[in-house]
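Read the structure below first, then the notes.
Residue numbers (our numbering), protein chains in the order written: chain Y, -2 to 604; chain S, 2 to 603.
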């Protein structure tokens, strides 16, 4: 019931006209079946003493009514469906928005992802979940009204006849319900197969994968998996079809029993002179219509019940997300006054990923002074990217604090914190929007900030080459004229996006030069000072030479800072940093050559 | 009907069994309503005139048993038919995926082809409508024939009247069909775009940036634009189609009324018995509705037929060049055989002769009159600025694109003259954006289903993993080298890190054992130690092979036998590291730009 209440609330919100459509349809759909049941009865009853004109009048007016109700029902069917889709699209959109606004940390939990997937399934098809419920509501109300009418007729025949019919229908209901439950549980159990089949098909359809599949002739193995999945899916269908055949067979016998009883009893009544031919026709006619109607009512009730269960996932997910968002926004948080670059202090920070026993960060403490340029260095998996995510307020620390100007970053209002922060992520990807939109990421453009960002990042020169300048769409997914940027060009784009946020006081750059050529890299370093001006910045790079532009270097290992100081200090220290630097540096020295005959670069290093 | 027939021919089992069950379902579903029309007449006749109780009860029993029999048969046939249709649908989906791989490379990521594929995929959903449609059509034909016979036996013109009025619905149905196709054409692209935005909800590659750059509003407003335009198109369509459907219903009701009046008058003048009146009334109702069902289903079927045209058209898109094996002239064949055996002996040279290229969608030349040669066993590095054409050259070498002019030769034979499969066997490529498959590790290397991999091949897979230093990692996995990559197939699947993936890609290239190794930027995400490791591995495996490397890290490429410097699609300079460093030029300035940063402090 809660689900239905929620759905009606959404209908009122997104397309209230659906409500009067439901009412109107209920009335016309309820009256329609009676017309062609009663007319022949009246004729049979009176044909012996009627004039032609009376006959024509009766049939004519019946036809007019039938045409009117018929027109209304047909017209409403399409229109209602369209409106149902409107509501459904809004629900889909709401879900997308909720999953984009929920705390990022939730994405670490597979359960959350599964629930989003389930919720999506409950709104993505017009026949399932919310769509299924709304589509079923339309005939349902008419059927309920019509059934009430028929019950009136039937109880005039005989109350126990009515009871018999009702009992049979309840058995029908139970049978259908059992089948529907089986169908639901079978499909649920088969979900992984469907998901696997869909994902692997998507792999085969993915333009980015095409090269590898072709060159390694991998289609055969993909195809044999797809065939296995197809066989499994057909197997699942077979189970269901076989069950349905069995159920329908039983139901056919139940129907036989029902028909024998009803017709036999009516014939018996007639033979005994209890009813005349007209009543016989009326009763058989209305009983048959009643059966058809009840059957469909029963199925519709089962549908609504099952689809409500499916749709309730959506409801729960949305409630939880907005509760979380509300908690976040009510426990906050007044905007802080801010001048100059930020000062960051990290106090005893720990972070453990869910389902993992190992600390990604353990007891990390660090102060980044206002206006300082700090380099974060370490081998893969030392914890650099995790630290960046925590600094971005994407994950909450397991324990410990990150303070910005003395205030815990989680105590800033979200918008303010994000506006103070600018980031270039290592694994950022472009959106299929225009270059400009990819930079501003918003609906309005601050022209001055935009021009500065374009110039400083070097993106300006790239945009000028593009067919429609900065209005050119990236990627061809949504626009045939779209262009593809190279790795180096993309990095300039992401840099421009970070620079565009001109109130930012804290800049995080995660591997911003990995795909740049040597000269572009050098150029960027030379401009580094100019765009970090007035900001505190953290720079992550595997190219250790780049860290020499920074004031201090923090060397991370196993989630802790093991060395800290300026480049010269750390070289003098002869520690981990110096060793790693040497690995890269020696290859640039004249005459040096790392051994190509052994694949044990690591061991020679330690030797 | 042409497309439907084309599609049915793809059925794995003979389409005869599909047709058999289809006809059986149609027959049964068509006969059932007629049965309900005829039997009450006999019962009524008994009730009103003949009054023979034993006959009466006999008819009742016959009616009920007949209903039972048709229900059982229809039920069985329908189940069989559903399964066959599902099988067909599944194999068509696989066919579509296969075709996607085989079409021209540059077409695969363009919007128009993606839209076309979208419609092709959607048209398969129409197949689910096709089966019930065919069933109703068959049923309607049976019903029409039998009720028409019933009515003709009383008054032939009654049938004409009913059919005549039904014919009036044809123009309305035609109009409906036009609307429907127009709607699906207009909304396909918008639907895809809308769905794309919604996919972002679960695509966590976008999630960080959207949050930090507060891009949710932009994204949602773009999605709303698509949604609004879908809704507008929908609104148009449903308003008009609703009116047309309503009018069709009105015609049907008028028809019922007219027939009813004619029958009623005949009843009044005692031209008809009550039993016949009831039967004919029922028959005309059934005939009328069967005719409108028939017309409606014909419309649905032609629409499906037209939708399936997208599937059939997609299948007819040109395959990549070289996909169909053109019968090669014998002499040439012998030559290719000779070259292949040379290559197997380890002698592979590459000549790029005056190659120019531009992408089909652009006017700008990416490669301009490029000429160079690589000797057997030589290791060559391609260096240059971003956008110099290095990755494009790799795509041309891999036969993903055809040069606009000029030729690429391997041992003197144009690469486009090799049979495709054999050509791929020559190459071991690691692309900049390489992708592993979410299948078993062994299948990723062997490119075969794991149960088809022989012991010998298994040993070679392990050897390849060993060479790229991943064997220990692989053996520690829950199912060893048969562990699924990513969690798609199993919760116990392994998710390799970026560095591990890179090494697995190398292992795949090693196992593939192509004589020409091409590696494009394989180390950009690695820390210095892993980078060095990977590079020494690569140099190691490229011994005795002809190899091409691309990297921005010039400390790594300097050890190549020769370095080609590309700029603006042209070959700017070539030579060993030492030779190139002797002159002022792009290479020297790029190298120094990086090396200076590492100059010692003293």
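Where is the CB? At the ideal position from N, CA and C, for every residue including glycine.
Computed from a predicted structure; not experimentally measured.
Would you list, in chain order, the members of the region 370 to 390 of chain Y that have their beta-carbon closer than 8 angstroms to a beta-carbon of chain S? From the region 370 to 390 of chain Y, only 375, 376, 377, 378, 386 and 389 have a Cβ closer than 8 angstroms to chain S.
Interface flag, residue 296(Y) vs chain S, CB-CB below 8 angstroms: As a working mapping, residue 296(Y) is identified with position 299 in the first chain. No Cβ of chain S is located within less than 8 angstroms of the beta carbon of residue 296(Y).
Could you tell me how far apart the beta carbons of residue 134(S) and residue 354(S) are, in whole angstroms, since I believe they sit closer than 8 angstroms? Position 133 of the second chain, counted from the start, is the residue given in the question as residue 134(S). Position 353 of the second chain, counted from the start, is the residue given in the question as residue 354(S). Going by Cβ atoms, the distance from residue 134(S) to residue 354(S) rounds to 58 angstroms, so no, they are not a contact pair.
Residue 595(Y) to residue 476(S) span [Cα, whole Å]: Locating residue 595(Y) in the first chain gives position 598, where the first residue counts as 1. Locating residue 476(S) in the second chain gives position 475, where the first residue counts as 1. With a pLDDT of only 36 at residue 595(Y), under the threshold of 50, the placement of this residue in the model should not be trusted; the figure read from the coordinates follows. The alpha-carbon separation between residue 595(Y) and residue 476(S) amounts to approximately 22 angstroms.
So, at 7 angstroms on beta carbons, what are the nonlocal neighbours of residue 373(S) in its own chain, with the 5 sequence-adjacent residues on each side left out? The residue labelled residue 373(S) in the question sits at position 372 within the second chain. Result list for residue 373(S): 353, 565, 572 and 575, in chain order.
Are at least three pairs of beta-carbons, each pair with one atom in the region 272 to 288 of chain Y and one in the region 106 to 119 of chain S, less than 8 angstroms apart? They do not touch, by the three-pair rule.
Counting only Cβ pairs nearer than 7 angstroms, list the residues of chain S close to residue 198(Y). Here residue 198(Y) corresponds to residue number 201 of the first chain, with the count starting at 1. Per Cβ cutoff of 7 angstroms: 94 and 98.
Consult DSSP for residue 454(S) and reduce its assignment to one of helix, strand or coil. For this step, residue 454(S) is matched to residue 453 along the second chain. Looking at residue 454(S) - three-state DSSP - the assignment turns out to be coil, as it is neither helix nor strand.
Check whether the Cβ atoms of residue 395(Y) and residue 347(Y) sit closer than 8 angstroms, and answer yes or no. The count along the first chain starts at 1 and reaches residue 395(Y) at position 398. The count along the first chain starts at 1 and reaches residue 347(Y) at position 350. Less than 8 angstroms separates the beta-carbon of residue 395(Y) from that of residue 347(Y).
Taking only runs that begin and end inside the region 79 to 128 of chain Y, name each unbroken alpha helix (DSSP H) of 4 or more residues, in chain order. Listed in chain order, they are 107 to 121.
Using a C-beta to C-beta distance shorter than 8 angstroms, which residues of chain Y count as neighbours of residue 531(S)? On the second chain, residue 531(S) is found 530 positions in, with the first residue counted as 1. Simply 376 and 377.
Would you mind giving the Cβ-Cβ distance between residue 547(S) and residue 516(S), rounded to the nearest angstrom? I have them listed as a contact below 8 angstroms. By one-based count along the second chain, residue 547(S) stands at place 546. By one-based count along the second chain, residue 516(S) stands at place 515. 7 angstroms between Cβ atoms; contact.
From the beta carbon of residue 455(Y), is the nearest beta carbon of chain S less than 8 angstroms away? Taking the first chain and counting its residues from 1, one reaches residue 455(Y) at position 458. So, not an interface residue.
Euclidean distance between Cα positions of residue 280(S) and residue 278(Y): Here residue 280(S) corresponds to residue number 279 of the second chain, with the count starting at 1. Here residue 278(Y) corresponds to residue number 281 of the first chain, with the count starting at 1. Taking the straight line joining both Cα atoms gives about 11 angstroms.
With C-beta atoms as the reference, is residue 211(Y) less than 8 angstroms away from residue 115(S)? On the first chain, position 214 is the one that residue 211(Y) refers to. On the second chain, position 114 is the one that residue 115(S) refers to. No.
With C-beta atoms as the reference, is residue 1(S) less than 8 angstroms away from residue 72(Y)? What is shown of chain S runs 2 to 603, which leaves residue 1(S) out entirely.
Taking the beta carbon of residue 328(S) as the centre, do at least 16 other beta carbons fall within 10 Å, making it buried, or is it exposed? The residue you call residue 328(S) lines up with position 327 of the second chain. Residue placement at residue 328(S) is poorly supported in this model, since its pLDDT is 48, which falls under 50; the coordinates are not used for a value here.
Determine which residues share a DSSP beta bridge with residue 226(S) and list them. The count along the second chain starts at 1 and reaches residue 226(S) at position 225. Answer is none; residue 226(S) lacks a bridge partner.
Interface flag, residue 191(S) vs chain Y, CB-CB below 8 angstroms: If you number the second chain from 1, residue 191(S) lands on position 190. Taking Cβ atoms only, chain Y never reaches closer than 8 angstroms to residue 191(S), which makes this a no.
Are any of the Cβ atoms in chain S nearer than 8 angstroms to that of residue 247(Y)? Along the first chain, read from residue 1 onward, the residue named residue 247(Y) stands at position 250. Not a single CB atom of chain S sits nearer than 8 angstroms to the CB of residue 247(Y).
So what does DSSP say about residue 199(Y), is it helix, strand or coil? The sequence position of residue 199(Y) within the first chain is 202, counting from 1. Correct three-state label for residue 199(Y): helix.
Put residue 395(S) into one of helix, strand or coil per three-state DSSP. One-based indexing of the second chain puts residue 395(S) at position 394. DSSP places residue 395(S) in helix when its eight states are reduced to three.
Can you tell me where the alpha helix (DSSP H) with residue 43(Y) in it begins and where it stops? To locate residue 43(Y), count along the first chain from 1; it is residue 46. In this chain, the alpha helix (DSSP H) harbouring residue 43(Y) covers 14 to 43.
Three Cβ pairs or more, each shorter than 8 angstroms: is that satisfied between the region 250 to 263 of chain Y and the region 48 to 66 of chain S? Yes, the region 250 to 263 of chain Y touches the region 48 to 66 of chain S.
Pick from 206(S), 185(S) and 436(S): whose alpha carbon is nearest that of residue 119(S)? For the purposes of this step, residue 119(S) is taken as the residue at position 118 of the second chain. Across the set 206(S), 185(S) and 436(S), the C-alpha of 185(S) shows the shortest separation from the C-alpha of residue 119(S).
According to DSSP, is residue 486(Y) helix, strand or coil? For the purposes of this step, residue 486(Y) is taken as residue 489 along the first chain, with counting starting at 1. Taken through DSSP and simplified to helix, strand or coil, residue 486(Y) comes out as helix.
Taking the alpha carbon of residue 221(S) as the reference point, which residue from 241(S), 246(S), 194(S) and 85(S) has its own alpha carbon closest? The residue labelled residue 221(S) in the question sits at position 220 within the second chain. Selected option, being the one with the closest Cα: 194(S).
Are three or more beta carbon pairs between the region 480 to 496 of chain Y and the region 414 to 424 of chain Y nearer than 8 angstroms? With the cut-off at 8 angstroms, the region 480 to 496 of chain Y and the region 414 to 424 of chain Y touch.
Neighbouring residues, chain S, relative to residue 216(Y) (Cβ below 8 angstroms): By 1-based counting over the first chain, the position of residue 216(Y) is 219. Under the 8 angstroms cutoff, chain S gives 99 and 102.
Could you pull the DSSP bridge partners for residue 91(S) from this structure? In the second chain, the residue the question calls residue 91(S) occupies position 90. Assignment of beta-bridge partners to residue 91(S) by DSSP yields no partner.
How about residue 375(Y) and residue 554(Y): do their beta carbons lie closer than 8 angstroms? What you label residue 375(Y) is simply residue 378 of the first chain in a count that begins at 1. What you label residue 554(Y) is simply residue 557 of the first chain in a count that begins at 1. For residue 375(Y) and residue 554(Y), yes; Cβs fall inside 8 angstroms.
Sequence ranges, beta strand (DSSP E) only - wholly within the region 338 to 372 of chain Y, length at least 3: As far as the region 338 to 372 of chain Y is concerned, its whole beta strand (DSSP E) runs of at least 3 residues are 341 to 349 and 356 to 365.
Short CB-CB distance (under 8 angstroms) between residue 214(S) and chain Y: Stepping through the second chain from its first residue, residue 214(S) is reached at position 213. Yes, residue 214(S) lies at the interface with chain Y (some Cβ there is under 8 angstroms from its Cβ).
Any idea what DSSP makes of residue 1(S), helix, strand or coil? For chain S, the structure presents residues 2 to 603; residue 1(S) sits outside this window and is missing.
Can you list, in chain order, the residues of its chain whose CB lies under 6 angstroms from that of residue 3(S), leaving out five sequence neighbours each side? Position 2 of the second chain, counted from the start, is the residue given in the question as residue 3(S). Non-local C-beta neighbours of residue 3(S) in its own chain, meaning closer than 6 angstroms and more than five positions away in sequence, are absent.
Below 8 angstroms between beta carbons: does that hold for residue 507(S) and residue 431(S)? If you number the second chain from 1, residue 507(S) lands on position 506. If you number the second chain from 1, residue 431(S) lands on position 430. Yes, these two residues count as a Cβ contact at 8 angstroms.
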